[in-house]
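Structure first, commentary second.
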Amino acid sequence: METIALLIAVAVLVEGLVEYVKTIIKVFTEGDVKTGITQLCAIGIGILLALVTGANIFTALSINVAYSWVGCVLTGILISRGSNYLSDLLHRLNLNQKS
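At position 93 of the sequence shown the residue is numbered 93 (this note's numbering), and the sequence of numbers has no breaks.
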């Protein structure tokens, strides 16, 4: 079960990192600064909360990471993606109610 949880966590982490890179590119190519700022705030808050609380999904899954702070930072990125997923879901629900 831990292996499945690890695979899911890493898959979500990779997806999140790819989305953040796409956003950064979009900021520079299309000037979509508002989205970039929003996502940077989500990343910052997620990482800060993970570091302050010591949240580390890899430690929780008994996976050794060379430096514990790296696990906290990656967990913070996962946390920040969760906020984006929730925001996207609420946005879609709001759009559906208006139609």
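A virtual CB, placed ideally from N, CA and C, is assigned to each residue, including glycine.
Please read all numbers here as calculations on a predicted model, not as lab measurements.
With contacts defined as CB atoms closer than 7 angstroms, ALA55 and THR75 qualify as a contacting pair. A direct Cα-to-Cα measurement between GLN39 and TYR20 gives close to 7 angstroms.
Of CYS72, VAL52, ILE57 and SER68, the smallest CA-CA separation from ALA9 is found for ILE57. Minimum Cα-Cα distance from THR53 among the listed residues ALA42, TRP69, ILE63 and LYS26 corresponds to TRP69.
When only Cα atoms are considered, ALA50 and GLY31 end up about 30 angstroms apart.
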